[in-house]
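Undergrad: In order, the protein sequences belong to chains E and F.
First residue of the first sequence: 1, per the working numbering; consecutive thereafter.
First residue of the second sequence: 1001, per the working numbering; consecutive thereafter.
Before I ask anything, here is the structure I am working with.
There are 2 protein chains.
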Amino acid sequence: MTADGPLTAVQYGIGPIGSRIAREAHDTGYEFVGAVDIDPDKRGRDLGDVADFGEEVGVTVTDDVEEALAEEPDVVFHSTVSSAATAAPQIEEALAAGADVVSTTEELAYPWWRNPDVAADLDAAASDHGGTVLGAGINPGFVMDAMPAVLSTPLADVDGVTVTRVQDAAQRRKPLQEKVGAGVTVETFEAEIATEAGHVGSTESVAMLADAVGFDLDDIEESIEPVVAEDPVATDYVDVAPGDVAGIRQVAHGYADGEAVVTLDLQMYVGADDPRDEVDFDGDPDVSVTVDGGYHGDVATAAVVANVGPSVVAADPGLVSMTDIPTSFTRAV
Amino acid sequence: MTADGPLTAVQYGIGPIGSRIAREAHDTGYEFVGAVDIDPDKRGRDLGDVADFGEEVGVTVTDDVEEALAEEPDVVFHSTVSSAATAAPQIEEALAAGADVVSTTEELAYPWWRNPDVAADLDAAASDHGGTVLGAGINPGFVMDAMPAVLSTPLADVDGVTVTRVQDAAQRRKPLQEKVGAGVTVETFEAEIATEAGHVGSTESVAMLADAVGFDLDDIEESIEPVVAEDPVATDYVDVAPGDVAGIRQVAHGYADGEAVVTLDLQMYVGADDPRDEVDFDGDPDVSVTVDGGYHGDVATAAVVANVGPSVVAADPGLVSMTDIPTSFTRAV
């Protein structure tokens, strides 16, 4: 909350995640002053209608970014693409309008490893305009990187850390079940799914967590493999026979001096029997932390983005990561 | 690490906790340039000897605070008393010497609720001298306040939060087993232990966590009761018969509009059969997080203090809490 009232916001991108973010931010008390989407079916409609606020808010969705930013919002919630390079010019427009930016672009969660030039340019643009840019979300951005970093605070030493996120895809949307290959054969998975199904952001999470706990990484490697069903699984959308694919397992390792010091193990498949987020430190002492059931992907990303707004507005200008700012649930803005 | 080398530090208070902090900080790479203690048995000796570094560091323990601070350290690790009012003038001396201060004074973890005048004075002194003051430790300071605050980041709503910390006192030092009344009768507990055994800092933790997640508290209430042994328990120091006291249970509630919205349940007794730190959110969605076995008290406080140093040095001037700064394990300073 500023002296003039609640924080003002613009929603930039109103797809499935952007809609949830806008709705969550509206519930938190942000005052929307603009909304951008290129979809002709959304243009010209009220943001509250497009994003299911349950009420109209007097903000018309436009594909004209300059028009959407005209009211100089405090913060822009940016949710358009996964690629840092593609997102950067959109974010620079928001910075030029005087806004701070929270983006769900996965590669911006920690762009210094894989996109150092984009990171340098965005940091310079943010500093020039006195704005802050943060890549945020549940994963990347919290559960496999920023959360383990915070949980390492009471340790006297950290030799290695493994984060395991197991999600039951049966609880998720149909496109996600299809994306992870639920119900296809292993052959089809290898031919059609493996190259497309991967979660974007594992490399960024490894780099973020390694940086936070001070590992100087030489290399990050990712692998992806099918999780094969042992028993039949039926969801609302698909039937999986034993021997067919239930989903994916994606493992990323960060190496320092040839040792895998950071391991992120992401499993998303239908019928997962112990869904959870688990952090295991090999250190002094060993510590194991479990989020029973795991944080819910879509709900949690929207909540993270809405909740970090005040912290991003308060932060010094520049490009930051979720490990650079304090975070918590935010009751009102 | 500054341009001139590692962060320099002074240890102010070299009791059991202060010794651990100094040792942990030494291992992390802080360069000690002074050390203060009033104990005649420690004065005149090398800090590395007093605090069991395994080596001398050329720093002589003194009871002359001005002398200890003469080298203008980057950070002072302060560990002398639980009372904010008693600690404040000591901390102001450190601020006047140009240092940032990390203190284990329990009431300084979040002094705005119970010691608002001390908080205002320390904040003013910190701002005047361009320094930062942080109350830190595992509890208060992390496991029942700052950690749950961070874990609330992915929630869309928080109606209430309960933090349960169960510790097996049999694994702890003899003075702690005596302090919690292990082995005494319930009558003796009520007469002699209940008023003395209480953990200091529960009120501060309730207030810190409530502030972080935006509850506007009307009141905080604490209660303390004995945990009575059902079966015999033998530790290295004490035998507890069934019906006698195994330790304490201390519960603190924070109330908003008459509802207990924050509950901290601290149990420390010999023979505890499921030691853990557990955070349960009643919210959207419900979330339950468990630290298996729980963070170890003494080790963890020293680690937290040593690990937050760089974040405190980087923070803006003023009095802050653990929910105001980013934290993680710190490999080197």
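From the three backbone atoms N, C-alpha and C, an ideal C-beta is built for every residue, glycine too.
(1) Buried or exposed for F:ARG1165, going by 16 or more other Cβ atoms inside 10 Å?
(2) How far does the beta strand (DSSP E) with E:GLU56 in it reach, from first residue to last?
(3) For F:ARG1276 and E:LEU155, I'd like the C-alpha separation in whole angstroms.
(4) Could you spell out where the beta strand (DSSP E) holding E:ASP273 opens and where it closes?
(5) In the DSSP assignment, find the beta strand (DSSP E) that holds E:SER223 and state where it starts and stops.
(6) Shortest alpha-carbon distance to E:PHE53 belongs to which of E:THR28, E:ASP41, E:GLU72 and E:VAL65?
(7) Check each residue of the region 12-42 of chain E: if its Cβ is closer than 9 Å to any Cβ of chain F, include it; give the result in chain order.
(8) Let me see if you follow: with CB-CB separation under 8 Å, is F:TYR1295 close to chain E or not?
(9) Quick check for students: name the residue ranges of the beta strand (DSSP E) that lie wholly in the region 75-115 of chain E, counting only runs of 3 or more.
(10) Check distances from the C-beta atoms of the region 154-167 of chain E to those of chain F and list, in chain order, the residues that come in under 7 Å.
(11) Checking the sheet assignment: what are the DSSP bridge partners for F:ILE1248?
(12) Within 10 angstroms of the Cβ of F:LYS1179, are there 16 or more other Cβ atoms? Answer buried if so, exposed if not.
(13) Let me confirm a value: F:ILE1224 is counted as buried when at least 16 other C-beta atoms fall within 10 Å, else exposed. Which label applies?
(14) Counting only Cβ-Cβ distances shorter than 7 Å, please list the residues of the region 277-292 of chain E near chain F, keeping chain order.
(15) With a cut-off of 8 Å, does the C-beta of F:VAL1270 fall near any C-beta of chain E?
(16) If you draw a straight line from the C-alpha of E:ALA68 to the C-alpha of F:ALA1126, how long is it?
(17) Listed in chain order, which residues of the region 134-146 of chain E have Cβ atoms closer than 9 Å to some Cβ of chain F?
(18) Using a Cβ cut-off of 8 Å (strictly closer), state whether F:VAL1313 contacts chain E.
(19) Taking Cβ positions only, does E:ASP324 come closer than 8 Å to chain F?
(20) Short of 7 Å in beta carbon distance, which residues of its chain neighbour E:ILE193, apart from the five on each side in sequence? Order them along the chain.
(21) Beta-carbon of F:VAL1150 versus every beta-carbon of chain E: anything under 8 Å?
(22) Should F:GLY1297 be labelled buried (16 or more other beta-carbon atoms within 10 Å of its own) or exposed?
(23) Just the chain F side, please: which residues come within less than 7 Å of E:VAL213 by C-beta, in chain order?
(24) Below 8 Å, can you find three or more Cβ-Cβ pairs linking the region 1144-1160 of chain F to the region 1312-1323 of chain F?
(25) In the structure shown, what three-state DSSP assignment does F:GLU1187 receive?
(26) Could you please give me the residues that DSSP links to F:GLU1031 through a beta bridge?
(27) Does DSSP put F:ASP1280 in a helix, in a strand, or in coil?
(28) Tell whether a beta-carbon distance below 8 Å holds between E:PRO326 and F:PRO1326.
(29) Would you verify that the beta carbon of F:ALA1227 is, or is not, closer than 8 Å to some beta carbon of chain E?
(30) Just reading off the alpha helix (DSSP H) that F:GLN1177 is part of, what are its end residues?
TA: This is what the structure holds:
(1) Counting the other CB atoms within 10 Å of its CB gives F:ARG1165 a total of 16 or more, which places it among the buried residues.
(2) Counting along the chain, no beta strand (DSSP E) covers E:GLU56, and no H or E run does either.
(3) Cα to Cα, the separation comes out at about 16 Å.
(4) Note, E:ASP273: premise wrong, no beta strand (DSSP E); not H, not E.
(5) Boundaries of the beta strand (DSSP E) harbouring E:SER223: 219-228, taken from the DSSP string.
(6) Looking at the Cα atoms, E:THR28 is the closest of the given residues.
(7) Per Cβ criterion, the list reads GLU24, ASP27 and THR28.
(8) At least one CB atom of chain E sits nearer than 8 Å to the CB of F:TYR1295.
(9) Qualifying beta strand (DSSP E) stretches, in chain order: 75-78 and 100-103.
(10) So the list reads PRO154, LEU155, ALA156 and VAL158, given in the order they occur along the chain.
(11) Paired residues: F:PRO1226 and F:MET1268.
(12) With a 10 Å radius around the Cβ and a threshold of 16 neighbouring Cβ atoms, F:LYS1179 comes out buried.
(13) Buried is the call here.
(14) Of all residues in the region 277-292 of chain E, those with a C-beta nearer than 7 Å to a C-beta of chain F are PRO285, VAL287, SER288, VAL289, THR290, VAL291 and ASP292, reading in chain order.
(15) So, not an interface residue.
(16) In this structure, the CA atom of E:ALA68 is about 42 Å from the CA atom of F:ALA1126.
(17) Listed in sequence order: ILE138, PHE142, VAL143 and ALA146.
(18) F:VAL1313 does not count as touching chain E.
(19) So yes, E:ASP324 belongs to the interface.
(20) GLY181 and VAL184, listed in sequence order.
(21) Chain E, which has a Cβ nearer than 8 Å to the Cβ of F:VAL1150, makes this yes.
(22) Burial call: buried.
(23) Going along chain F in sequence order, the residues near E:VAL213 (Cβ under 7 Å) are SER1328, PHE1329 and ARG1331.
(24) By the Cβ rule, the region 1144-1160 of chain F counts as touching the region 1312-1323 of chain F, because three or more pairs are nearer than 8 Å.
(25) Here F:GLU1187 carries a helix assignment [DSSP, helix/strand/coil].
(26) As a beta-bridge residue in DSSP terms, F:GLU1031 pairs with F:THR1008.
(27) Secondary structure of F:ASP1280 (DSSP, three-state): strand.
(28) Cβ atoms of E:PRO326 and F:PRO1326: closer than 8 Å.
(29) Sequence inspection shows Val at residue 1227 of chain F; the Ala mentioned does not correspond to that position. No - not a single Cβ of chain E is within 8 Å of the one on F:VAL1227.
(30) Element bounds for F:GLN1177: 1174-1179.
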